[in-house]
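With our numbering, letter number 86 in the sequence shown gets 419, and the count goes up by one each step, no holes. Single-structure report; data block below.
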Amino acid sequence: MKFINHCLPLLSLMILGSCNVKKTELSSSLKNSYKNDFYIGTALSADQIEEKDAKVDSLICRQFNAITAENIMKSMFVHPQKDKYDFALTDKFVAFGEKNKMFIHGHTLIWHSQLAPWMEKIKDSTEMKAFMKDHITTIVSKYKGRINSWDVVNEALNDDGTLRKSVFLNTLGESYLADAFKLAAKADPKVDLYYNDYNLEDPAKREGAINLIKKIKAAGGKVDGIGSQGHWNLNSPSLEEIEKSILAYSALGVKVAFTELDITVLPNPWDLKGADVNQKFEGNPKMNPYPETLPDSIQDKLAQRYADIFKL
Numbered sequence: 334m335k336f337i338n339h340c341l342p343l344l345s346l347m348i349l350g351s352c353n354v355k356k357t358e359l360s361s362s363l364k365n366s367y368k369n370d371f372y373i374g375t376a377l378s379a380d381q382i383e384e385k386d387a388k389v390d391s392l393i394c395r396q397f398n399a400i401t402a403e404n405i406m407k408s409m410f411v412h413p414q415k416d417k418y419d420f421a422l423t424d425k426f427v428a429f430g431e432k433n434k435m436f437i438h439g440h441t442l443i444w445h446s447q448l449a450p451w452m453e454k455i456k457d458s459t460e461m462k463a464f465m466k467d468h469i470t471t472i473v474s475k476y477k478g479r480i481n482s483w484d485v486v487n488e489a490l491n492d493d494g495t496l497r498k499s500v501f502l503n504t505l506g507e508s509y510l511a512d513a514f515k516l517a518a519k520a521d522p523k524v525d526l527y528y529n530d531y532n533l534e535d536p537a538k539r540e541g542a543i544n545l546i547k548k549i550k551a552a553g554g555k556v557d558g559i560g561s562q563g564h565w566n567l568n569s570p571s572l573e574e575i576e577k578s579i580l581a582y583s584a585l586g587v588k589v590a591f592t593e594l595d596i597t598v599l600p601n602p603w604d605l606k607g608a609d610v611n612q613k614f615e616g617n618p619k620m621n622p623y624p625e626t627l628p629d630s631i632q633d634k635l636a637q638r639y640a641d642i643f644k645l
């Protein structure tokens with residue numbers, strides 16, 4: 334399975350259509366253009382899950398055949414209190430995907446960010462193990478056979494490839510990684526399980542991710558895939574480094590998915606030579622050279638960048 338997850342705003346200029354469009358119109362959609370290659374996905378906000386905007390809903394149905402949740406499956410929303418889960422929106426999210434025959438990707442089970450406040454206060458290893466078992470088992474079991482894949486652990490690595498000192502690492506050590514995958518596999522043996530992170534095309538972080546996957550597998554964890562978050566620009570990273578990463582991860586016997594993909598045409602603040610690191614970039618005209626409209630030449634470069642990545 335391959336899927337590429339787009340940020341919805343990138344497609345805002347496309348012609349909107351009904352979910353029940355004619356066959357002659359479907360050939361122009363992203364999902365149909367790449368139907369023999371990989372899924373084309375998008376992340377849904379709470380408003381989109383509740384189908385509050387008919388135009389946006391029709392765009393989602395027309396262009397995409399895979400979905401993930403932007404925020405509502407993160408622990409602070411789905412598990413706000415120790416003894417309380419809130420599945421109101423997650424139920425609607427899964428139902429939306431099923432209704433529209435979409436591939437459903439769950440995001441995310443274990444992540445150091447966007448934790449419910451009560452989780453951040455856990456300091457005891459026994460309590461943390463109990464939390465992980467309850468949290469993962471409850472959520473994965475609830476959607477067993479309905480969600481196609483899960484980001485089990487999200488962003489556990491620093492950019493140099495070392496393990497991030499999260500609340501999970503601090504209380505349980507690196508064993509929490511394999512434990513998370515074991516718990517998810519036990520709750521739903523057939524669902525695909527992913528490790529998800531950004532900058533995975535960077536050589537140092539790539540090596541760290543390879544070692545992480547090997548260790549999880551050696552400890553008995555089931556890892557089916559690695560999810561790469563592509564937050565890139567028009568020139569970086571190089572196609573060569575992206576391809577190297579795809580091949581390196583595939584060599585581990587796991588699937589490789591671009592779980593997030595957005596390409597900016599704006600300058601990187603750190604590319605401004607001599608800029609004070611404390612400078613506030615908001616409102617700086619240098620950071621938005623296209624305040625009125627995006628020139629055709631830049632639009633062409635953006636389209637070509639996506640096309641080149643999709644060909645890999």
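Idealized CB from N, CA, C, for every residue including glycine. Everything numeric in this text was worked out from a predicted model, so none of it was measured.
A379 is the residue among Y531, G553, A379 whose C-alpha sits nearest the C-alpha of A421. Taking C-alpha positions only, Y476 is separated from L627 by approximately 42 Å.
G563: member of the beta strand (DSSP E) spanning 558-566, first to last residue. In terms of CA proximity to L572, K644 leads the group H438, G439, K644. Judged by DSSP in its simplified three-state form, D424 adopts helix. Inclusion of I549 and F501 in the CB contact set at 8 Å is not warranted, their separation being larger than that value. Between Y528 and G560, the gap from beta carbon to beta carbon is short of 8 Å.
Taking a C-beta distance under 8 Å as the contact criterion, G439 and D484 qualify as a contact pair. Under the three-pair Cβ rule at 8 Å, the segment 405-414 counts as touching the segment 445-455. L594 is not a Cβ neighbour of G558, given a cutoff of 8 Å. Taking every protein chain shown into account, the CB of R497 has fewer than 16 other CB atoms within 10 angstroms, so this residue is exposed. For the segment 422-461, the continuous alpha helix (DSSP H) assignments of 4+ residues that do not extend past its boundaries occur at 450-453, in sequence order. The beta-carbon separation of V524 and S474, rounded to 11 Å, does not stay under the 8 Å limit for a contact. Within the DSSP bridge table, the entry for V589 names I559 as partners.
Cα atoms of G494 and A537: separation of roughly 6 Å, rounded to the nearest angstrom. With fewer than three CB-CB distances shorter than 8 Å, the segment 617-626 does not count as touching the segment 585-592. Leaving aside the five residues that flank Y639 on each side, the residues in its chain whose CB is nearer than 7 Å to its CB run, in chain order, I596. Counted as a single uninterrupted DSSP element, the beta strand (DSSP E) harbouring D525 occupies residues 525-531. Taking C-beta atoms as the reference points, I373 and Q396 count as a pair closer than 8 Å. In the DSSP assignment, A520 falls within the alpha helix (DSSP H) that extends over 508-520. The Cβ neighbour count for S583, taken over all protein chains shown within 10 Å, is under 16; the residue is labelled exposed.
Assigned with DSSP and collapsed to three states, N487 falls in strand. Taken atom to atom, the span from the alpha-carbon of S578 to that of Q637 is near 21 Å. For G478, the number of other beta carbons within 10 angstroms of its own is below 16, and it is reported as exposed. Judged by DSSP in its simplified three-state form, A584 adopts coil rather than helix or strand. Taking all protein chains in view, the Cβ of K454 is surrounded by fewer than 16 other Cβ atoms within 10 Å, so the residue is classified as exposed.
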